[in-house]
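Enquirer:
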Ligand SMILES: [Mn+2]
Ligand SMILES: [Mn+2]
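Residue numbers (our numbering), protein chains in the order written: chain A, 52 to 539; chain B, 52 to 539.
(1) From the DSSP output, in three-state form, read off residue 264 (chain B) for me.
(2) Is the shortest distance between the beta-carbon of residue 328 (chain A) and the beta-carbons of chain B less than 8 angstroms?
(3) Taking Cβ positions only, does residue 213 (chain B) come closer than 8 angstroms to chain A?
(4) Buried or exposed for residue 308 (chain A), please, with buried defined as at least 16 other CB atoms from any protein chain shown within 10 angstroms of its CB.
(5) Ignoring anything shorter than 3 residues or poking outside the region 170 to 206 of chain B, list the beta strand (DSSP E) runs there in chain order.
(6) Flag this pair as yes or no: are the beta carbons of residue 327 (chain A) and residue 295 (chain A) separated by less than 8 angstroms?
(7) Would the C-beta of residue 331 (chain A) count as close to ligand 1, meaning under 7 angstroms from any of its heavy atoms?
(8) Of all the CB atoms in chain A, is at least one closer than 8 angstroms to the CB of residue 478 (chain B)?
(9) Considering only heavy atoms of ligand 2, does any lie closer than 7 angstroms to the CB of residue 421 (chain B)?
(10) Residue 227 (chain A) versus chain B: which residues are under 9 angstroms apart at the beta carbon?
(11) As a quick exercise: from A:313, A:288, A:303, A:306, pick the residue whose alpha carbon is nearest that of residue 310 (chain B).
(12) Spell out whether any CB of chain B is found under 8 angstroms from the CB atom of residue 146 (chain A).
(13) Just to confirm the assignment, what range does the beta strand (DSSP E) spanning residue 298 (chain A) have?
(14) Note down, in chain order, all residues in the region 264 to 285 of chain A with a beta-carbon under 8 angstroms from any beta-carbon belonging to chain B.
(15) Give the interface partners of residue 209 (chain B) over in chain A, defined as CB-CB distance under 8 angstroms, in chain order.
(16) Find the residues of chain A that neighbour residue 382 (chain B), judging by a C-beta separation of less than 9 angstroms, and give them in chain order.
(17) Return the CA-CA distance between residue 173 (chain B) and residue 234 (chain B), expressed in angstroms with no decimal places.
(18) Quick one: any contact between the region 143 to 161 of chain B and the region 130 to 143 of chain A, if contact means 3 or more CB pairs under 8 angstroms?
(19) Report all residues from its chain with a CB closer than 8 angstroms to the CB of residue 396 (chain B); omit the five preceding and five following residues, and keep chain order.
(20) Residues of the region 169 to 186 of chain A in Cβ contact with chain B at a cutoff of 8 angstroms, in chain order, please.
(21) If you draw a straight line from the alpha carbon of residue 230 (chain A) to that of residue 203 (chain A), how long is it in whole angstroms?
(22) Would a C-beta distance cut-off of 8 angstroms place residue 96 (chain A) and residue 217 (chain A) closer than the cut-off?
(23) What is the rounded straight-line gap between the Cα of residue 522 (chain A) and the Cα of residue 100 (chain B)?
(24) Is there a Cβ from chain A that is less than 8 angstroms from the Cβ of residue 418 (chain B)?
(25) Whole angstroms is fine: what's the gap from residue 513 (chain B)'s alpha carbon to residue 461 (chain B)'s?
(26) Taking just the CA atoms, how far does residue 435 (chain A) sit from residue 237 (chain A)?
(27) May I ask you to check if the CB of residue 456 (chain A) is nearer than 7 angstroms to at least one heavy atom of ligand 2?
(28) Between the beta-carbon of residue 67 (chain B) and the beta-carbon of residue 332 (chain B), is there less than 8 angstroms?
(29) Beta-carbon separation of residue 367 (chain B) and residue 463 (chain B) under 8 angstroms?
(30) For residue 415 (chain A) and residue 454 (chain A), I'd like the C-alpha separation in whole angstroms.
(31) Counting only Cβ-Cβ distances shorter than 9 angstroms, please list the residues of the region 302 to 327 of chain A near chain B, keeping chain order.
(32) Quick check: what's the CA-CA separation for residue 53 (chain A) versus residue 168 (chain A)?
(33) Measuring only the C-alpha atoms, how far is residue 228 (chain A) from residue 115 (chain A)?
(34) Is residue 451 (chain B) buried or exposed, if buried means 16 or more other CB atoms sit within 10 Å of its CB?
(35) For a test of your reading of the model: does the CB of residue 451 (chain A) fall under 7 angstroms from any non-hydrogen atom of ligand 1? Yes or no.
(36) According to the Cβ coordinates, are residue 292 (chain A) and residue 329 (chain A) closer than 8 angstroms?
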């Protein structure tokens with residue numbers, strides 16, 4: 052008897068056990084939203100497509116399958132190649148699974164009878180995929196609601212579910228998308244429990260790295276340690292994005308770590324590091340950045356910039372609550388950074404005049420943070436009819452411009468970078484001349500950058516911090532010198 | 052000044068440094084083969100497409116980019132989105148790179164001038180992709196040779212390179228494929244050096260696992276340890292396939308470890324383990340399976356089956372050399388397994404009679420091994436006009452049926468499994484009745500299975516073993532008890 056019949060997900064006693072009730076609740080929330088839409092008639096059925104295993108180019112190997120995010124949200128199915136249907140009126144849920152050939156048992160594992168899958172995923176029925184058309188014919192849906200909509204971070208579309216013969220039915224592919232996206236924006240208590248878990252494991256992994264890092268190590272060794280900690284101790288087979296392990300001048304490259312910049316530099320004493328790394332558990336993301344000197348002791352310069360960013364991070368954390376506009380939070384972070392850089396002699400003049408010409412974006416060129424959930428850059432940032440994306444420097448990279456509400460999960464990740472190409476151009480630009488102090492700025496051009504990224508859930512009156520890592524200069528220096536970190 | 056200008060690949064002093072000369076030699080080999088083909092006129096130009104970064108579903112995240120295998124073989128380019136051309140007559144090589152937008156420098160890293168790329172990859176010229184059509188117009192090729200052909204392991208095709216306006220040229224997409232495939236089948240000294248390196252790192256990682264494994268651990272913790280060792284110590288960011296960490300009855304599932312069977316079982320004292328794991332370095336694969344009891348001490352039953360498979364493995368290793376037919380090696384391994392199982396009382400009767408009805412495939416249902424190189428299941432197994440795939444049990448899964456030649460790299464991986472679904476059916480089948488001893492076989496039904504997989508290169512007179520791990524029962528028990536393993 053396989054443990055797959057148990058309607059839960061677990062990676063052992065040291066990990067978090069998740070009941071598939073989470074998905075029943077998600078489906079219920081979605082159906083009640085859809086029932087309130089007048090364009091959705093009685094008898095509507097939602098039809099979703101699960102992710103498919105991908106092979107690399109012409110080969111027979113590929114990355115470990117990870118479920119498509121909407122499908123995971125709705126069903127929690129671990130395997131590839133499924134479809135799913137939800138009757139909006141009754142909430143009944145049906146999964147369609149591939150009919151596996153007999154040889155599957157030899158090569159890939161025990162073929163679970165459909166009854167086992169039904170128990171495992173606690174759905175009302177499980178049918179084979181080649182019976183989808185028959186099943187829909189029997190249901191006589193008034194309309195089949197499929198999913199089509201643009202992801203506002205990637206510009207890409209989720210693949211719409213279909214089957215041979217779907218043209219005999221009424222299909223609507225626009226009603227479902229905004230509703231399921233809005234459901235994903237607001238996290239349930241069950242989802243928050245997973246996010247707290249994966250943020251805890253990832254925090255522990257960051258602390259492990261802080262304790263083991265030494266000058267002379269390669270940046271990729273940090274990635275390796277982090278991944279190993281999250282998987283070995285937390286059951287996180289995936290990270291929620293490619294680890295950014297940037298040291299020295301690389302710390303000013305925001306998305307460092309990809310195959311073109313593969314975390315391959317040797318870290319040297321004196322370097323500042325920006326480690327932006329997050330584990331993923333049960334397809335839920337974390338996204339945490341810790342910044343510190345590789346040798347464990349901040350220089351005066353590093354302390355100044357670090358505390359500048361920390362002050363911005365904390366100002367935002369203290370200000371967020373329902374009703375607050377996210378773009379205002381970005382501007383708040385920017386203002387704190389400008390004030391601090393002024394007090395350290397890199398800038399001069401009036402802060403609000405600086406903000407008018409976007410001096411902030413010269414040092415803080417990315418957005419303050421983003422929604423986070425099943426995707427690290429979670430959906431729902433720019434819903435149809437909501438606040439539009441700004442066209443201003445910095446602000447235009449914000450992945451959402453929404454008013455905050457309780458149960459939204461976001462990152463708070465202000466940063467301050469010394470990007471030569473940006474700053475050299477700015478220092479010879481009339482527009483900025485009155486504000487920039489080139490002599491001082493030039494002392495920082497090889498500095499790299501600092502980002503401090505936390506994950507929070509908006510609560511009734513403020514926000515709850517989901518990660519717990521050393522944040523003050525004193526805490527970091529103490530932990531890196533072997534001291535305890537007791538918050539976790 | 053970036054180290055990218057150096058025409059070599061390295062992951063630091065502890066790793067292997069590879070000169071891009073490797074690819075110049077590969078291109079030269081390919082051109083001289085093509086020049087001998089009468090259908091290839093003077094003035095032909097090869098045109099290849101590099102791999103592209105993939106995003107998961109609608110999101111903006113995806114797996115770390117890994118170069119397409121033919122493109123890597125020809126150029127060694129680390130970045131995604133390139134094309135490449137090789138003039139067959141002169142051997143001149145040109146890379147076409149994406150023209151990156153200015154913001155790339157902020158988000159993704161320094162934009163290397165084309166001159167740097169030309170130095171880094173030691174090619175004759177580097178142009179932007181939007182100039183491909185102009186470049187070809189200037190070259191006036193007699194024919195553009197593009198790559199199209201079926202991968203005989205996956206049944207899939209590599210994506211053919213193209214550009215807007217290619218229809219104005221003569222294009223041939225069939226001549227290149229068999230020639231480049233044949234080049235990939237035979238490894239150069241430079242390629243063998245990488246394969247030796249990645250097999251050494253992966254061997255060390257297997258030994259690390261043997262030393263640390265304990266009952267009560269989760270199978271995925273083995274995967275995590277292995278990956279960490281290969282990356283942290285060897286610079287292997289990827290494994291060459293998904294780690295198979297099968298324990299107990301799972302050891303009889305040949306491709307265990309995928310998302311549907313995610314290495315999630317708790318290993319218990321007494322379990323046999325099959326750990327099939329290989330690191331990848333510079334896109335070159337390793338593929339090693341170690342089998343042993345989780346608690347470090349073989350039972351009598353485990354010893355019998357283990358030594359059965361080891362004997363088959365060694366018989367093949369001792370028999371391989373140029374001129375030998377790979378299918379004969381499969382049958383040799385099968386024969387040894389049948390003999391041993393007979394001597395242990397699981398089978399009875401005449402071995403050659405057993406082979407006539409394919410009794411071997413009941414216990415050893417997969418192929419003996421496969422070509423290995425840039426792909427773990429490397430190309431060239433069934434070239435057009437060569438030996439065809441058998442339709443017999445066991446043999447039909449062989450990924451090649453070729454006659455061995457020097458510089459081919461292959462795995463030798465016999466196995467003996469107790470797959471309930473296969474054996475229960477066989478024990479009630481008249482065809483097998485005279486050979487099977489159900490009373491003894493039934494004692495093994497929960498055993499799982501054993502696979503012993505080595506990587507070898509065929510030499511002038513035999514074969515060189517590329518991996519070095521404890522193989523005898525005595526060696527394994529000693530290393531698992533903390534003893535030294537000195538072969539490495
Ligand atoms: Mn982030
Ligand atoms: Mn293999």
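Glycine is no exception: its CB is placed at the ideal position from the N, C-alpha and C atoms.
Keep in mind that this is a model prediction, so the values were computed, not measured.
Expert: According to the data block:
(1) If DSSP states are grouped into helix, strand and coil, residue 264 (chain B) belongs with coil.
(2) Not a single C-beta of chain B is nearer than 8 angstroms to the C-beta of residue 328 (chain A).
(3) No - not a single Cβ of chain A is within 8 angstroms of the one on residue 213 (chain B).
(4) Residue burial is scored here from C-beta neighbours: residue 308 (chain A) has at least 16 other C-beta atoms within 10 angstroms and is therefore classed as buried.
(5) For the region 170 to 206 of chain B, whole beta strand (DSSP E) runs of length 3 or above, ordered along the chain, are 176 to 179, 194 to 196.
(6) Less than 8 angstroms divides the Cβ of residue 327 (chain A) from the Cβ of residue 295 (chain A).
(7) No, Cβ of residue 331 (chain A) sits at least 7 angstroms from all heavy atoms of ligand 1.
(8) No, residue 478 (chain B) does not count as interfacial toward chain A.
(9) Result yes, Cβ under 7 angstroms from ligand 2.
(10) Residues of chain B passing the Cβ test: none, with the nearest at roughly 14 angstroms.
(11) Comparing alpha carbon positions, the residue from A:313, A:288, A:303, A:306 closest to residue 310 (chain B) is A:288.
(12) Residue-level contact check: residue 146 (chain A) does not touch chain B, since none of the beta carbons of chain B fall below 8 angstroms from its beta carbon.
(13) Going by DSSP, residue 298 (chain A) is part of the beta strand (DSSP E) stretching over 295 to 298.
(14) For the region 264 to 285 of chain A, the beta-carbon criterion of a distance under 8 angstroms to any beta-carbon of chain B is satisfied by 269, 271, 272, 274, 275, 276, 278, 279, 282, 283.
(15) Those within 8 angstroms of residue 209 (chain B) in chain A are 108, 109.
(16) Going along chain A, no residue has its Cβ under 9 angstroms from residue 382 (chain B), so there is no contact; the nearest lies around 20 angstroms.
(17) The straight-line gap from Cα to Cα measures roughly 21 angstroms.
(18) No, the region 143 to 161 of chain B is not in contact with the region 130 to 143 of chain A.
(19) Here the set comprises 488, 491.
(20) For the region 169 to 186 of chain A, which is checked against every Cβ of chain B, not one residue is closer than 8 angstroms.
(21) Straight-line measurement puts the Cα of residue 203 (chain A) at about 15 angstroms from the Cα of residue 230 (chain A).
(22) Residue 96 (chain A) is not a Cβ neighbour of residue 217 (chain A), given a cutoff of 8 angstroms.
(23) A straight line joining the alpha-carbon of residue 522 (chain A) with that of residue 100 (chain B) spans about 46 angstroms.
(24) No, because no Cβ of chain A sits closer than 8 angstroms to the Cβ of residue 418 (chain B).
(25) Cα atoms of residue 513 (chain B) and residue 461 (chain B): separation of roughly 12 angstroms, rounded to the nearest angstrom.
(26) Taking the straight line from one Cα to the other gives about 17 angstroms.
(27) In this structure, the C-beta of residue 456 (chain A) stays at least 7 angstroms away from each heavy atom of ligand 2.
(28) Cβ distance < 8 angstroms, so residue 67 (chain B) and residue 332 (chain B) count as in contact.
(29) Going by C-beta atoms, residue 367 (chain B) is nearer than 8 angstroms to residue 463 (chain B).
(30) The alpha-carbon atoms of residue 415 (chain A) and residue 454 (chain A) are separated by roughly 22 angstroms.
(31) Correct list: 303, 304, 305, 306, 307, 308, 309, 310, 311, 312, 313, 314, 315, 316, 317.
(32) The predicted model places residue 53 (chain A) with a pLDDT of 45, which falls under 50 and marks its position as unreliable, so this point remains unresolved.
(33) Taking the straight line from one Cα to the other gives about 27 angstroms.
(34) Here residue 451 (chain B) is buried: its Cβ has 16 or more other Cβ atoms, across all protein chains shown, within 10 Å.
(35) No, ligand 1 has no heavy atom inside 7 angstroms of this Cβ.
(36) Taking 8 angstroms as the Cβ cut-off, residue 292 (chain A) and residue 329 (chain A) qualify as a contacting pair.
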